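Heads up, the thing below is written out as structure tokens.
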């Protein structure tokens with residue numbers, strides 16, 4: 028690759044790796060979205076679309092504060108929510124100030140990911156970074172995952188039929204890079220790195236906010252004991268999750284399904300037999 | 020800015036308009052700095068600030084004046100700094116009269132010409148500079164902040180009273196002038212409660228001392244006013260009193276909105292300046308080089324070398340044809356004779372005097388205040404050249420403008436010949452941008468542009484080449500400057516692109532030595548402006564940029580990673596002047612040269628080495644001792660004391676009181692916006708008496724304090740769009756984020772005018788009526804000014820009638836009325852009416868606007884309306 | 445460590461394209477010991493297994509600066525086969541530290557997919573349509589008009605006989621979005637021509 032980036036003295040410049048957190052293959056990585064420093068600029072939405080070639084999806088004025096994106100969808104993998112909260116004086120009940128919450132939502136990359144568990148084709152898979160990714164060369168658009176997601180993240184693309192969602196920039200991860208949204212984020216509201224490090228950082232941050240008197244600051248999705256086994260992309264919120272349009276206590280839709288799996292087991296094994304037979308036949312032919 | 024202990028953001032919506040720059044504010048906040056946002060609306064900046072203070076648009080001088088008064092009355096100034104580094108102790112002429120004496124006017128006002136004679140504002144014992152008052156002085160000088168100040172008259176002793184007790188010393192004048200700016204007046208004028216005012220005042224004062232610094236951030240929220248320059252003056256006075264100028268984490272930061280708007284001021288595509296803030300010569304005054312230098316130079320400080328800067332510029336342009344014998348070609352410079360700013364040009368188009376117009380990366384048909392006036396000008400041209408990415412509103416005005424829609428104009432009736440030319444993007448050309456911190460950064464060409472697409476460098480180079488070829492054989496005297504113009508830049512590539520680096524090298528300049536032929540490439544690049552000479556032996560296309568090509572190296576292209584440098588990062592790009600990152604940094608040390616504190620040390624005197632040292636390049640002569648006192652034989656910078664930090668000022672001091680350089684007074688005073696529903700609470704003088712008003716039907720004004728236009732509106736940007744939209748409304752990824760033009764109103768105003776969220780509203784001024792989606796939000800609140808309630812309406816100004824995201828243009832509502840110093844329109848505040856529903860189409864639109872205007876001016880005057888004409 | 449639980453593969457229909465069979469998840473599950481759940485490496489497709497960021501295969505990465513506001517964020521422009529394939533923040537920049545706002549992040553769309561027109565357009569006086577015009581012809585025509593207007597509106601002296609040497613017939617607007625070098629040639633050429641009504645966004 029040519030680097031056209033040096034002064035005429037030929038001073039060497041460093042281009043790769045600056046500012047990217049160190050992480051290894053086979054290490055679980057994720058996002059910590061600290062909404063207390065989000066400025067609602069939507070750089071994450073655009074950087075995501077630019078990198079992943081996600082189509083624009085309409086020019087509708089929603090009038091929901093500054094949010095004209097609406098929700099996560101096949102064509103929106105980062106969505107910034109805007110919540111206007113007038114603050115009233117206790118005595119008079121007159122509006123005396125404002126709080127304007129902003130939060131960039133994204134696929135949670137659940138530890139226990141129902142979408143992945145119901146996927147019949149293996150299109151959804153867990154990568155070597157323990158992120159949950161749709162493989163577009165496999166997805167057949169059956170849509171089972173859509174109803175399985177407790178967050179309504181996963182969605183079929185119109186005119187295409189397949190499901191699309193955040194890949195945590197799987198291609199960039201494989202190249203040792205930072206996902207596009209986290210790289211762009213001007214205020215480091217979106218932080219990327221090894222999940223364990225992010226959890227430590229988040230705990231420190233929420234403590235600091237509590238000390239500053241921000242009593243409502245809380246983490247959302249950092250707990251491996253929650254209904255989805257913890258998020259790979261978790262959040263620091265300044266209010267209850269439902270205020271941001273997030274389910275307060277998400278539960279993997281497949282958590283209570285072991286009985287169903289037992290019933291399906293025989294069929295699955297039967298399928299395996301058939302497939303193995305096909306392979307052997309194919310192998311002989313080759 | 021990350022080093023600030025308190026940051027006051029006012030007249031700027033930094034988080035939305037400069038999100039990546041805002042990371043430094045967030046970093047300061049994380050370190051414990053208090054962030055205060057004073058703004059009419061609660062914005063994305065307010066959302067992360069510690070404190071948001073709603074203010075009435077157009078009342079900032081009252082608020083800042085209140086802060087100054089708080090500092091002065093409470094003795095909260097940084098006393099040692101003020102006495103040593105400002106002109107607080109200077110005694111002013113005995114016949115100076117203040118707004119306190121003249122009810123809102125200063126002495127020297129001529130109601131006939133609506134101008135001031137600054138003779139009575141002078142330092143005692145010093146007459147006004149020769150040309151002051153007779154020329155387009157403020158315009159030329161108003162553009163010079165950061166560079167050169169106005170003169171302080173002829174030689175003669177400046178009288179001072181270091182005890183600050185003399186009744187005519189600046190300190191005492193200041194105290195009397197601002198005594199009126201009490202918290203109660205702030206509340207009545209701005210709608211800010213005394214408690215909120217006190218919270219801001221205490222935060223600033225407690226964070227401004229030897230150990231701590233406060234920064235002020237502004238943008239066009241301050242410049243877009245008929246008193247815009249005085250807004251910034253007020254902030255400067257406050258920061259000087261608090262000792263926050265020239266110190267890390269202090270200062271006043273102007274955030275500019277275009278990639279090279281700073282560069283296009285430094286190398287000015289502006290009528291009143293030559294490169295490096297040299298004034299354009301004035302017809303009748305600057306008759307020859309010596310007179311020009313005498314009229315415009317100073318004898319102390321760095322501007323004392325104006326002769327070297329000017330001669331070097333002339334040598335850069337005319338090479339060996341510029342000789343001592345012909346005044347280095349000075350006579351070839353065209354002369355200005357007054358205000359020739361863009362509004363005057365548009366009036367010239369309407370009158371038929373201006374026949375040809377180049378519009379390059381701008382979109383006045385929707386991007387300039389009073390778009391209708393602009394379009395009227397375009398429709399009356401002989402020819403128009405538009406260079407842009409797409410067929411923008413300005414190039415399409417002849418077939419689908421609002422005037423075509425309303426039936427006022429038909430394409431067949433418009434005689435303007437239009438050339439639309441595709442312009443290259445930043446990825447398709449080499450060149451430098453100068454950012455808002457005066458940092459030049461190079462962008463390299465990455466790909467070839469498609470089809471006929473060319474850089475503007477290509478366009479102007481080849482246009483010049485063709486014109487030179489046409490005139491080469493002629494003998495007409497007026498073509499001499501073209502024939503002799505140095506224009507032989509090497510070209511590269513299939514399209515013959517001129518080398519941008521060669522142009523940068525000329526901007527930097529070189530020493531000519533014995534060989535004055537500028538076509539020779541063996542000229543040695545100058546290392547900085549201190550190497551420039553007035554004898555014709557050096558050339559430099561822009562003296563303040565001298566050094567950007569030092570040693571033959573493109574210093575602007577340096578990209579040593581920030582992580583491998585100190586926090587000042589001197590090896591990334593190149594900052595003018597001389598790669599200096601902070602101006603006036605002498606003030607970061609005490610008069611004796613030691614740092615004010617360990618925590619805020621920046622540059623300091625190293626007695627052993629006999630020079631200044633520290634984190635940055637000193638912004639003055641590096642070897643000047645702190646105890647230097649000028650002798651009779653000293654010249655230029657040596658004529659200033661060693662403890663005078665403001666080296667571009669003729670006296671080296673920070674001016675609390677400006678004896679020269681301003682057209683509208685030596686001190687700021689609160690005047691109401693040109694169109695205001697409120698009478699001026701301070702003085703019976705309603706608005707800035709020197710503001711420029713263009714009285715023509717196309718630009719008629721709403722009467723002030725009139726029930727026909729009872730609401731205040733302000734315009735602004737959104738993060739998701741860029742200026743008039745040519746670089747955002749054609750992009751799907753940005754358009755979908757803010758797809759439609761909307762107006763922000765409070766629930767109270769919505770109730771008063773029956774507006775429905777998400778539905779349409781029509782906003783009306785004397786110029787036009789436009790429609791917008793209604794956004795009802797508590798982020799906009801009615802303000803209580805004493806007994807009066809003022810409603811404000813917010814209008815993002817990005818839209819126009821073309822692109823993926825279309826909408827009416829907020830600029831169609833604005834009136835072209837200007838600050839008299841710099842001719843900037845009052846685009847941030849005006850009055851209006853609002854009603855529910857969409858605007859009429861076709862001829863009905865004009866009828867509604869006209870009927871509304873007629874009804875408003877014929878209604879009985881309100882009892883509180885200012886008497887007579889509001890001059 | 446990959447997937448943890450088993451999913452229902454029973455609904456999977458038979459696929460007849462034999463070359464795909466080897467990559468079937470169920471088959472992979474049976475043949476890859478570590479991934480019993482069939483949701484990790486066993487189901488990784490050919491594309492996923494070879495995926496790499498497109499920036500890794502760019503022909504060039506070019507140092508640049510964002511063209512929008514005046515913060516001056518560093519950008520890296522990635523180029524493949526003469527086309528821009530990605531623009532992102534340059535982490536080396538001490539100004540921006542690799543970050544970009546939504547506009548900066550949309551720079552690739554700005555330069556590659558924003559409806560840019562690459563041909564000169566011409567509208568004759570009183571015309572009702574755009575017409576095509578050759579670039580070289582346009583340049584000659586513009587030079588004609590500059591010289592004609594300049595000659596028609598030349599002011600040599602003011603009323604008092606002082607030298608003016610100027611034309612008030614030509615105006616220009618623009619510069620704040622352009623390069624310093626471009627502003628320089630503009631100011632230099634206009635000044636030599638005697639055109640003084642040169643303005644830009646700084647006053648707007």
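Protein chains in written order, with my numbering: chain A, 28 to 313; chain B, 20 to 890; chain C, 445 to 648.
Glycine residues also receive a C-beta, built at the ideal position from the N, C-alpha and C atoms.
Small disclaimer: the values here were computed from a predicted structure and weren't measured.
Here's the rule I'm using: 16 or more other beta-carbon atoms within 10 Å means buried, otherwise exposed. How should residue 493/B be labelled? Residue 493/B is exposed by the Cβ-count criterion.
Pull up the CB-CB distance for residue 321/B and residue 655/B, whole angstroms please, since I reckon it's below 8 angstroms. Sure, about 7 angstroms apart at Cβ, within 8 angstroms.
Per DSSP, residue 233/B is paired with what? Answer by DSSP bridge pairing, in chain order: 25/B.
Check each candidate in 119/B, 603/B, 478/B and name the one with the smallest Cα separation from residue 634/C. Nearest to residue 634/C by alpha-carbon distance, out of 119/B, 603/B, 478/B, is 478/B.
What runs of the beta strand (DSSP E), each 3 residues or longer, lie entirely inside the region 490-548 of chain C? You should have 504-509, 518-524, 527-533.
Going by DSSP, what residue range makes up the alpha helix (DSSP H) through residue 520/B? Note, residue 520/B: alpha helix (DSSP H), 519-527.
Under the three-state DSSP convention, the category residue 139/B falls into: The answer is helix: DSSP assigns residue 139/B an H, G or I state.
Considering only residues of the same chain and omitting the five flanking positions on each side of residue 155/B, which have a CB-CB separation below 7 angstroms? The predicted model places residue 155/B with a pLDDT of 42, which falls under 50 and marks its position as unreliable, so this point remains unresolved.
Are at least three pairs of beta-carbons, each pair with one atom in the region 697-710 of chain B and one in the region 870-887 of chain B, less than 8 angstroms apart? Touching, yes, given that three or more Cβ pairs across the two stretches are closer than 8 angstroms.
Assign residue 213/B to buried or exposed, taking buried as 16 or more other Cβ atoms, counted over all protein chains shown, within 10 Å of its Cβ. When all chains shown are included, residue 213/B counts as exposed.
Could you tell me whether any Cβ in chain B is nearer than 7 angstroms to the Cβ of residue 530/C? Look at residue 530/C: its C-beta is not under 7 angstroms from any C-beta on chain B.
I'd like to check one pair, residue 549/C with residue 39/B: are the Cβ atoms closer than 7 angstroms? Not closer than 7 angstroms, so no.
For residue 581/C, report the span of its beta strand (DSSP E) as first-last. That residue, residue 581/C, is in no beta strand (DSSP E); its alpha helix (DSSP H) goes 579-596.
Note down, in chain order, every chain A residue with its Cβ under 7 angstroms from the Cβ of residue 549/C. For a Cβ distance threshold of 7 angstroms, residue set 70, 73, 74, 77, 211 of chain A lies close to residue 549/C, ordered along the chain.
For residue 8/B, three-class secondary structure by DSSP: Because chain B here runs from 20 to 890, residue 8/B falls outside it and cannot be looked at.
Shortest alpha-carbon distance to residue 505/C belongs to which of 671/B, 462/B, 621/B, 810/B? Here the closest residue by C-alpha is 462/B.
If you scan the region 60-116 of chain A from start to end, which runs of the alpha helix (DSSP H) of 4 or more residues do you find wholly inside it? As for any alpha helix (DSSP H) of minimum length 4 sitting wholly inside the region 60-116 of chain A, the runs are 70-79, ordered along the chain.
Which listed residue (690/B, 467/B, 593/B) has its alpha carbon closest to that of residue 454/B: Comparing Cα-Cα distances from residue 454/B to each of 690/B, 467/B, 593/B, the minimum goes to 593/B.
Partners in chain C for residue 314/A, counting only beta-carbon separations shorter than 8 angstroms: The structure shown has nothing for residue 314/A, since chain A only spans 28 to 313.
Give me the chain A residues within the contact set of residue 645/C, using Cβ-Cβ distance strictly less than 7 angstroms, ordered along the chain. Correct list: empty, because the minimum Cβ distance to chain A is about 22 angstroms.
For residue 119/A, count the other beta carbons within 10 Å of its own beta carbon; 16 or more makes it buried, fewer makes it exposed. Which is it? Exposed, since its Cβ has fewer than 16 Cβ neighbours within 10 Å.
Is it true that the CB of residue 561/B sits closer than 7 angstroms to the CB of residue 294/B? Contact check for residue 294/B against residue 561/B passes: the beta carbons are separated by less than 7 angstroms.
Residues near residue 290/A in its chain [Cβ-Cβ closer than 7 angstroms; skip 5 each side]: With a pLDDT of only 44 at residue 290/A, under the threshold of 50, the placement of this residue in the model should not be trusted; the figure read from the coordinates follows. Within the same chain, and ignoring the five residues on either side of residue 290/A in sequence, no residue has its Cβ closer than 7 angstroms to its Cβ.
Limits of the beta strand (DSSP E) - the one that residue 216/B falls within: For residue 216/B, there is no enclosing beta strand (DSSP E); the residue is found in the alpha helix (DSSP H) stretching over 213-225.
Select from 843/B, 619/B, 651/B the residue whose C-alpha is nearest the C-alpha of residue 20/B. Closest by alpha carbon: 619/B.
Whose C-beta lies closer than 7 angstroms to the C-beta of residue 609/C among residues of the same chain, with five residues either side of it excluded? Around residue 609/C: 600, 638.
N-terminal and C-terminal residue of the beta strand (DSSP E) that residue 218/A is part of: Per DSSP, the continuous beta strand (DSSP E) segment holding residue 218/A begins and ends at 217-221.
Chain-ordered neighbours of residue 97/A on chain B, where CB pairs are closer than 7 angstroms: None at all; the shortest Cβ gap to chain B is about 10 angstroms.
Residue 228/B in three-state terms, based on DSSP: DSSP places residue 228/B in the strand class (E or B) of the three-state scheme.
Mapping the DSSP letters down to three states, classify residue 145/A as helix, strand or coil. It is helical.
From the beta carbon of residue 563/C, is the nearest beta carbon of chain B less than 7 angstroms away? Closer than 7 angstroms to some Cβ of chain B, the Cβ of residue 563/C qualifies, so yes.
Report yes or no: is there a C-beta of chain B within less than 7 angstroms of the C-beta of residue 251/A? Answer no: the Cβ-Cβ gap between residue 251/A and chain B never drops below 7 angstroms.
Starting from residue 450/B, trace the beta strand (DSSP E) both ways and give me its first and last residue. Its beta strand (DSSP E) spans residues 450-453.
Residue from 467/B, 460/B, 517/B whose Cα sits closest to the Cα of residue 483/B: Of the candidates 467/B, 460/B, 517/B, the one whose C-alpha sits nearest the C-alpha of residue 483/B is 517/B.
Find the nearest neighbour of residue 790/B within the set 805/B, 801/B, 806/B, 813/B, judged by alpha-carbon distance. Comparing alpha carbon positions, the residue from 805/B, 801/B, 806/B, 813/B closest to residue 790/B is 813/B.
Helix, strand or coil, according to DSSP, for residue 813/B in the structure here? In the displayed model, residue 813/B falls within a strand according to three-state DSSP.
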